Amino acid sequence: MAAKEKPKFAMYWAASCGGCEISTLNIGDKILAVDEAFDIAFWPCVADFKVKDVEKYPDGYIDLCLFNGAIRNSENEEMAHLLRKKSKILVAFGSCASEGCIPGLSNLTTAEATLRAVYLDNPSTDNPKRVLPQPFTKVPEGTIQIPVFYERVKSLDQVVPVDYVMPGCPPEAHQIAAVMDAVITGVPLPPPGRSIIGAGNVAVCEECPRQKNVKRIKRFYRPHEITPDPEICLLEQGIVCMGIATRAGCGALCPRVNMRCEGCYGPLDGVEDQGANMVAAIASVVEEGSGPLAGIDEAELQRRIGEVMDTLVDPAGTFYRFNMAHSLLMRARFTGDSAEKGVA
Amino acid sequence: MSKERVGVYICHCGSNIAGTVAVEEVSQWAAGLPNVVVSRDYKFMCSSLGQELVEKDIKELGLTRVVVAACSPHMHERTFRATCERAGLNPFLFEMANIRELDSWATDDRVAATQKAKAMVSAAIRRVIHHQPLQLLPVTINPNTLVVGGGVAGITAALEIANAGYHVYLVEREPSIGGHMAQLDKTFPTLDCSACILTPKMVDVAQNKNITLLSWSEVEAVEGYVGNFTVTVRKKARYVNEEKCTGCGICIEKCPKKVVDEVFEAGLGYRKAIYRPFPQAVPKYPVIDTASCIFFQRGKCKACQMFCPTEAIDFEQQDQILKLEVGNIILATGYDTFDPRRIPQYGYGRLANVFTSLEFERMVNAAGPTGGRIVLRDGVTTPKSVAIIHCVGSRDKNYNEHCSRVCCMYSLKFSHLLHERLPDAQVYEFYIDIRATAKRYEEFYHRILEEGTRFIRGRVAEVTDAARLPGEEGKLIVQYEDTLIGKQRRLPVDMVILSVGMEARRDSREVAQIFGLGCEYNGFFIERHPKLDPVNTMTEGIQIAGACQGPMAIPEAVAQGAAAAARVLSLISQGTVMMEPVRAHINAEKCSGCRICNDLCPYNAIVFHEDRKVSEVITALCQGCGACVAACPSAAITGAHFTDEQVMAQIEGMLWDMQPRIAVTATGAE
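Top line first, the protein sequences correspond to chains A and B.
Okay, so the first sequence: first residue is 1 according to my numbering, each after it adds one.
Okay, so the second sequence: first residue is 1 according to my numbering, each after it adds one.
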């Protein structure tokens, strides 16, 4: 046993797909350095700890806690509060914890509709008694309790204060490795308070090798509708690449292989709402249909703009794929007590 | 909490605001808001006493921010900025809340108005805390001026500026300057010969060394800003070399092609395919109308070229695109007359002897197509009775609600001319009201009353040639209600003159777009202030003069032309103007070079540096419109005085009474 006690590390998985954990393990050999530098205090995915173990730790016992996943149900929220209390540094790790990510898209509808889609209306679901999950179920042996499914998904920082945000869906392994390195070697982190770590401070375009020209978009294409020119900016070709509105850090992985950036690294500093900013940017470069504009009336202009915009399928899922829960739109709608009263 | 010390001042504006808003209540309420050090209400904040109050507080209470809730910033933002500056506070650390135009004048509901005033004051306080000190930007004024439109307003403006010693480019889209005034016969009420008083001014324009006259030319694009506009002008091909042409007119005489002159002669007379609109045209050079010219249509003829003694005819001539650098622009683009075909029941275009007032002007003009003889459409018969119908297309909700202001007087003038030329003819004026409101107008009206014109009060329902009663055959029958006796009547006459109103130019909206102006619902250009700034516009460096601003008669158009010139001369003599520092700025560190903004700037102020892969805003060109700021998807562009921080704080302040139900905050973690 070392003379000096090692710092404590925790990683938790709330409402998410597990990709963050895989990406963390993807740092390869460096995982050994993590193990060497830290004592693992809680990491359900790789080590057998129970919640009651964590409850027994003194407050602030855990030095670094990576929390991935959104807050979807009461258990997620309880764990968020618990780990906040027990951790010195709490990191919203990955897009779900930072912004709500894919689960956050369900904020566009109600919890009931989400449950119906999963348990009743899904074509591959066989549920003849049409049972939906209930927080409390009476059985002969007593009452079984499962977590309460919330009306809406929240990001971690909408539930507890977080010290750092590490964006990405998932965060790239090389970024995780770099952050771990920094922590282990004692490189000072930026001042805490929802500060971004493990990512850049410019848009993805900075890392994207494609040629960027002045943009004028006449129609939009979904990925299967076009074979893009590999040299030219995807957005110019009508593919809604979110790179312009998305934080760099991934190395422009998707655009490099002809796929549009979906925006998983989230908005840049100073951006209130990634989706809204993207909409504003796109609106600024849409060509108003063909033909001369002089003398055409507003209705005709509307029609032409409508024609272009109709080619953009699923705008909410395109512009808000990762940031719906944390968007200004949702914050304005749900902050305070109105959410549960169904102000939507 | 911020350490800023805010002073809040609520203006009563006499009873303008205090009549609807509980100003004392708002003031007392504001005193309790965070950062507010002092809150007062005062009868007239803009008065020197009101301003002294602010100055005193800045000095004695150490205010670092000032909010005045009063009228529109258009009225007094400058006043209070200057107040702050006198007290040693940067003028941009001030914010104005408009609780008059946007609040007290918009409702009679005292409770609602007071509540809204609180919201606006709260918004201003939260915003002003985030204000940053800014410095005005000095801009040099190019002393050259562009005047668009060579009617009497444009001519006056051009001569005023040129005579003061500065260069003027006068752009006119017709082949000659002169405008509508050149078409008129006499002017009311003095009965001066219109051409006789106008042509000397036109000649002055031609001879003035400080005026570059670009007739048969149109402005295609305007770039830049006050003091430094770059104007693109298309000088249409005349097919006549102006260097060689002496204006002898032999080409016109020899041209074998005669066409109806729809413009100058209002369709009543003819001109040649190569023509000058009228003998005193300025410039004197003719123009070939290619749509009518036999050579351009069929490849043969060239009579003009053959007879031209100076070889000035050039069929190869091309349009020229000129780039003009000017510091100021005056728009004097004039008006169109109402097209009475839009009122089919008056029969214009269907019934031969229904004339427009402009046709009558040409007919009665000694230099016009009939040599001044008043005749029916057959060109021979003199009418024995004439009906003049007022307000055609004016004061009518179906067409134009406005009064065109000149029709009453020119109709009276027509009566006089009819009596003078046809002493035996009966003349009838169908009017709604006689509006004779300027100097010597009422006297002129009385003179016409005495000359024997019959005045019938009532709007004409219909002009028809369908005779129903004896004596109506072969006549035009005017069906009307005489509202003074309350009876429907019919009156057979030989000739009907429709006194058509004034409308904005058909293309006024496109012109407004080129110059960055606003148009009213009816197409007239919007002045900066209807009372106090009638020739200025909301676009710095662009003035308007004459009937492009609204219907007006010659003396007012002349006065506006001169007024606009005075405005321009004042800017030129200042040499530089201080411009609002509200500008966009791109943070090169944050710019990813995505180029979304590159094509958005209406002032071409954004450049892309290919080497560094970043975009940059050229501060001198930026006008602070914010298009790029809104479009930048990565918040790399900031609009000074309109930062996200300031605007979000303002919104939060506006929603003060909504909290905590809706909180628009940066973290959303509350």
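Quick reminder that beta carbons are idealized off the backbone N, C-alpha and C, glycines included.
No experiment lies behind these values; they were computed from the predicted model shown.
In the DSSP assignment, what are the bridge partners of A/Trp13?
-> DSSP output for A/Trp13 lists A/Asn68 as bridge partner(s).
### Message
Please tell me whether B/Ile514 has its Cβ less than 8 Å away from any Cβ of chain A.
### Response
No, B/Ile514 lies away from the interface with chain A (no Cβ there is under 8 Å from its Cβ).
Review point. Beta carbon of B/Phe307, beta carbon of B/Ser176: below 8 Å?
Key: In this structure, B/Ser176 does not lie closer than 8 Å to B/Phe307 by Cβ.
Quick check on the DSSP output: what are the complete alpha helix (DSSP H) runs of length 4 or more inside the segment 41 to 95 of chain B, in order along the chain?
Within the segment 41 to 95 of chain B, the complete alpha helix (DSSP H) runs of at least 4 residues are 48 to 61 and 73 to 86.
Which of helix, strand or coil DSSP assigns to A/Gly19: Helix at A/Gly19.
ask   = Can you tell me whether DSSP reads B/Tyr410 as helix, strand or coil?
value = DSSP, read as helix, strand or coil, puts B/Tyr410 in helix.
Problem - Selection from A/Trp13, A/Thr24 and A/Gly94 that minimises the alpha carbon distance to A/Met166 - result: Check the Cα spacing between A/Met166 and each of A/Trp13, A/Thr24 and A/Gly94: the tightest is with A/Gly94.
Q | Contact set between B/Ile596 and chain A, taken where Cβ atoms lie within less than 7 Å | A | Result: Lys215, Ile244, Ala281, Ser284 and Val285.
message: With H, G and I counted as helix, E and B as strand and the rest as coil, what does DSSP make of B/Leu655?
response: Here B/Leu655 sits in coil by DSSP.
### Status (buried if at least 16 other CB within 10 Å, exposed otherwise) for B/Cys196
By the 16-neighbour rule on beta-carbons within 10 angstroms, B/Cys196 is exposed.
Please report how far the alpha carbon of A/Ala80 lies from the alpha carbon of A/Val91, in whole angstroms.
So the alpha carbons of these two residues sit roughly 11 Å apart.
To the nearest angstrom, report how far apart A/Ser16 and A/Cys65 are at their CA atoms.
Each residue's alpha carbon lies about 16 Å from the other.
*Which class does B/Leu322 belong to by DSSP, given the choice of helix, strand or coil?*
Correct three-state label for B/Leu322: strand.
Q.
One question on the structure: do B/Glu160 and B/Thr64 come within less than 8 Å of each other, judged by their Cβ atoms?
A. A distance of 8 Å or more separates the beta carbons of B/Glu160 and B/Thr64.
Within its chain, find whatever has a CB closer than 7 Å to the CB of B/Ala158; leave out the 5 residues flanking it on each side and keep chain order.
Taken in chain order, the residues that qualify are Val147, Val168, Leu170, Val205 and Ile211.
### Query
Is B/Asp378 helix, strand or coil when you go by DSSP?
Assignment of B/Asp378 by DSSP, reduced to helix, strand and coil, places it in the coil class.
Notebook entry, point to check: How big is the Cα-Cα spacing for A/Cys250 and A/Gly198?
Noted result: Going by C-alpha positions, A/Cys250 is about 10 Å away from A/Gly198.
Problem - Cutoff 8 Å: A/Asp269 Cβ touching any chain B Cβ - result: Chain B contact via Cβ: present.
- With distances taken between CB atoms, is the gap from A/Cys205 to B/Cys245 smaller than 8 Å? No.
Nearest to B/Ile485 by alpha carbon, out of B/Glu462, B/Ala504, B/Phe455 and B/Glu510? Closest by alpha carbon: B/Phe455.
> Can you tell me the Cα-Cα spacing of B/Arg238 and B/Gly516, whole angstroms?
Replying inline: Taking the straight line from one Cα to the other gives about 29 Å.
- Answer with buried or exposed for A/Lys215, where buried requires no fewer than 16 other C-beta atoms within 10 angstroms of its C-beta. A/Lys215 is classed as buried because its beta carbon has at least 16 other beta carbons within 10 Å across all chains shown.
Review point. Since B/Ser194 is in the alpha helix (DSSP H), which residue starts that stretch and which ends it?
Key: Counting along the chain, the alpha helix (DSSP H) containing B/Ser194 begins and ends at Ser194 to Gln207.
Open item on the list: Between the segment 462 to 476 of chain B and the segment 361 to 379 of chain B, can you find at least three pairs of beta-carbon atoms closer than 8 Å?
Closed with: With a cut-off of 8 Å, the segment 462 to 476 of chain B and the segment 361 to 379 of chain B do not count as touching, because too few Cβ pairs lie within range.
Worksheet entry | Three-pair Cβ contact test at 8 Å for the segment 7 to 24 of chain A versus the segment 67 to 83 of chain A | Yes: at least three Cβ pairs fall under 8 Å.
How about B/Pro633: is its C-beta nearer than 8 Å to some C-beta of chain A?
Yes, because at least one Cβ of chain A sits closer than 8 Å to the Cβ of B/Pro633.
Below 8 Å on C-beta distance, what does B/Gly593 contact in chain A? Under the 8 Å cutoff, chain A gives Cys205, Glu206 and Lys212.
| said: At 3 residues or longer, what runs of the beta strand (DSSP E) sit wholly inside the segment 492 to 528 of chain B? | reply: Runs of the beta strand (DSSP E) inside the segment 492 to 528 of chain B: 495 to 500 and 502 to 504.
- Query: CA-CA distance, B/Phe188 and B/Ser357?
  - Reply: Between B/Phe188 and B/Ser357, the C-alpha separation is close to 14 Å.
query = So which residues of chain B does A/Met278 contact, with C-beta pairs closer than 7 Å?
reply = Near A/Met278 (Cβ distances below 7 Å), the residues of chain B are Pro633.
How far does the alpha helix (DSSP H) with A/Leu83 in it extend, from its first residue to its last?
Start and end: Ser74 to Lys86.
To the nearest whole angstrom, what separates the beta carbons of B/Asp108 and B/Ala117, a pair I think is in contact under 8 Å? Cβ atoms of B/Asp108 and B/Ala117 stay farther apart than 8 Å, at about 14 Å.
What is the rounded straight-line gap between the Cα of B/Val259 and the Cα of B/Lys323? Between B/Val259 and B/Lys323, the C-alpha separation is close to 34 Å.
| task | Starting from B/Thr107, follow the beta strand (DSSP E) in both directions and report where the run begins and ends. | result | Following the DSSP letters along the chain, one finds B/Thr107 in no beta strand (DSSP E), marked with neither H nor E.
- Name the two residues that bound the continuous beta strand (DSSP E) containing B/Asp261. In the DSSP assignment, B/Asp261 falls within the beta strand (DSSP E) that extends over Lys258 to Asp261.
inquiry  = I'd like to know whether the C-beta of A/Val363 is nearer than 8 Å to at least one C-beta of chain B.
reply    = Residue 363 of chain A lies beyond the residue range present for chain A, which begins at 1 and ends at 344; the question has no answer from this structure.
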